[in-house]
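A short worksheet on the structure shown next.
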Amino acid sequence: MYDSHQDTPSQLLRLRDPGIDNNYSQVDFPKLKKGGVDGAFWALYTPPDYDPSQAESYATRLLDAIYAAAARYPGAAAVTISPSEAAENRGKGLFSIFIGMENGLPIGNSLDKLHSFYRRGVRYVTLTHNADNPIADSAAGHATWGGLSPFGREVLAEMNRLGIMVDLSHSADSTFWDCIKYSKAPVIASHSCCRALCQHRRNLTDDMLRALADKGGYVGINFCPSFLSDSFGKGYESILDEADAAEAAFIADPADASRIEAWHRAQDRIASVPRPGVKEVVDHIDHAVEICGIDHVGIGSDYDGILIAPEGLDDVSAMPLVFTEMNRRGYSKEDIEKVSGTNLMRVWDRILTAI
Ligand SMILES: [Zn+2]
Numbered sequence: 001m002y003d004s005h006q007d008t009p010s011q012l013l014r015l016r017d018p019g020i021d022n023n024y025s026q027v028d029f030p031k032l033k034k035g036g037v038d039g040a041f042w043a044l045y046t047p048p049d050y051d052p053s054q055a056e057s058y059a060t061r062l063l064d065a066i067y068a069a070a071a072r073y074p075g076a077a078a079v080t081i082s083p084s085e086a087a088e089n090r091g092k093g094l095f096s097i098f099i100g101m102e103n104g105l106p107i108g109n110s111l112d113k114l115h116s117f118y119r120r121g122v123r124y125v126t127l128t129h130n131a132d133n134p135i136a137d138s139a140a141g142h143a144t145w146g147g148l149s150p151f152g153r154e155v156l157a158e159m160n161r162l163g164i165m166v167d168l169s170h171s172a173d174s175t176f177w178d179c180i181k182y183s184k185a186p187v188i189a190s191h192s193c194c195r196a197l198c199q200h201r202r203n204l205t206d207d208m209l210r211a212l213a214d215k216g217g218y219v220g221i222n223f224c225p226s227f228l229s230d231s232f233g234k235g236y237e238s239i240l241d242e243a244d245a246a247e248a249a250f251i252a253d254p255a256d257a258s259r260i261e262a263w264h265r266a267q268d269r270i271a272s273v274p275r276p277g278v279k280e281v282v283d284h285i286d287h288a289v290e291i292c293g294i295d296h297v298g299i300g301s302d303y304d305g306i307l308i309a310p311e312g313l314d315d316v317s318a319m320p321l322v323f324t325e326m327n328r329r330g331y332s333k334e335d336i337e338k339v340s341g342t343n344l345m346r347v348w349d350r351i352l353t354a355i
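If you number the sequence shown the way this note's numbering does, the last residue is 355 and the count never jumps.
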């Protein structure tokens, strides 16, 4: 099984030991093994409010943390830069760490920086996070460029030339359509769901899903409850401001017992919002397959990047439940293999052979 998006590097920087199965992680090597996950893109996520030089040094720290984790556990995992290497690792029982960059901000205004991240193993770039950047507009941005910037067009061409996958999760719709138009290679959405089922702006419309498939691309269905279910999203959002305010008040004066109580009450209310589960994840897979066809859909769980996981899918060790549900709904073994990873590997391979 291959997952197109996990946020584990951010957790590694919090000094989490990936070799230990503990209660606080959604992803670690023991849980990946239990979940039958053979490889995943680990994201170099940089916050959208950083300036480009801060983002570059932070992304470099994340890269260092990935290489340190692989060096510490050579019997468990290896940094991997191609589908063929992944197949070799799988034969040896090693988890393949693929490296994606989530937010192109560390590239700044320099193709040289793109080259140096490529040399250190970055094989996809999610063009934006939740703000416009020098490359392109974000789904949560202010339409700074109306899609790709002029520099973004250069980045896109260079990514095509190097064989770095263009990841359009988090992009504005305008950026998405620019990349469909100008990319010479298939493009992907590493961790997004279907807007027809959940209105969130991070999700893809049916027209976008169709265009992605027509271009030979890939969508990895995200497990984030707010992207799976409108009713969860509304319930959660309505409490979030209150919870943030309660937390800030508590931090300002931790000795005030009434503030601690208010903070706990807000946490309890968040925990009481009914979460979507395996059924909703597979509903999004069903819809994406209906629109894109079975060859263009996979899983981009976003584990370690989502604060709240779906009901029953609390961490990556539960991954097989998704495929059990697909089997129950009548998907063939071959189709389940496609969604559980061979589609991602095939699309990546095609992008590499296109150069
Ligand atoms: Zn993301």
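Built from N, CA and C at the ideal position, the CB exists for glycine as well.
In this text the structure is predicted, and so the values were computed from the model without any measurement.
Residue environment: N133 is assigned as buried (16 or more neighbouring CB atoms within 10 Å of its CB, all protein chains considered).
For A185, the closest of W177, A157, G305 by C-alpha to C-alpha distance is A157.
By the beta-carbon neighbour count (other beta carbons within 10 angstroms, threshold 16), G235 is buried. The beta carbons of V322 and I306 sit about 15 Å from each other, so the pair does not count as a contact at 8 Å. Under the three-state reduction of DSSP output, Y118 falls in the helix class. For D214, the closest of M326, E85, G293, P48 by C-alpha to C-alpha distance is G293.
DSSP places V297 in the uninterrupted beta strand (DSSP E) bounded by 297-299.
Under the 8 Å Cβ criterion, the stretch 83-93 counts as touching the stretch 34-42, having at least three qualifying pairs.
For W145, the secondary structure class from DSSP, reduced to helix, strand or coil, is coil. With fewer than 16 other beta carbons inside 10 angstroms of its own, H115 counts as exposed. H5 has its CB nearer than 8 Å to a heavy atom of ligand 1. Listed in chain order, the alpha helix (DSSP H) elements of length 4 or more contained wholly in the stretch 44-118 are 52-72, 83-91. DSSP links V219 through a beta bridge to A189, V297. DSSP places G277 within a strand segment (E or B) once states are collapsed to three. Taking F151 as the centre and dropping the five residues before and after it, the same chain places the C-beta of N109, P134, I135 closer than 7 Å to its C-beta, in chain order. According to DSSP, V339 shares a beta bridge with no other residue.
Of the residues V281, A246, D295, S10, the one whose Cα lies closest to the Cα of E102 is S10. Selection V316, L168, T353, Y331 evaluated against D283 yields Y331 as nearest (Cα-Cα).
In the DSSP annotation of this structure, the continuous segment of the beta strand (DSSP E) that includes H5 starts and ends at 2-6. When C-alpha distances from R14 are compared across D304, D137, T144, H287, the shortest belongs to D304. The shortest C-alpha to C-alpha distance from N203 to any of S229, L94, V187 is the one to S229. The beta carbons of A266 and A246 sit about 4 Å from each other, so the pair counts as a contact at 8 Å.
Placement of the Cβ of G220 at a distance of 8 Å or more from every heavy atom of ligand 1 is found.
Of all C-beta pairs linking the stretch 142-151 to the stretch 188-204, fewer than three are shorter than 8 Å, placing the two stretches out of contact.
Spanning the alpha carbons of R123 and A189 requires a straight line of approximately 14 Å. Between A69 and I99, the C-beta spacing is not below 9 Å. DSSP, reduced to helix, strand and coil, places V27 outside both helices and strands of the structure shown, so it counts as coil. The alpha carbon of A211 has as its nearest neighbour, out of P276, I291, I260, P225, the alpha carbon of I291. Distance check between D3 and each of D167, K33, G163, G220 places G220 closest, using alpha-carbon atoms only. Taken through DSSP and simplified to helix, strand or coil, G233 comes out as helix.
Judged by beta-carbon spacing, L62 lies beyond the 9 Å limit of L105, meaning their Cβ atoms are not closer than that value. In this structure, A318 lies near G35, with their beta-carbon atoms less than 9 Å apart.
Judged by their CB atoms, H200 and F176 are not nearer to each other than the 9 Å cut-off. In terms of Cβ geometry, A249 and A262 form a close pair [threshold 9 Å].
Burial check for G75: the Cβ neighbour count within 10 Å stays below 16, so the residue is exposed.
For C194, the secondary structure class from DSSP, reduced to helix, strand or coil, is strand.
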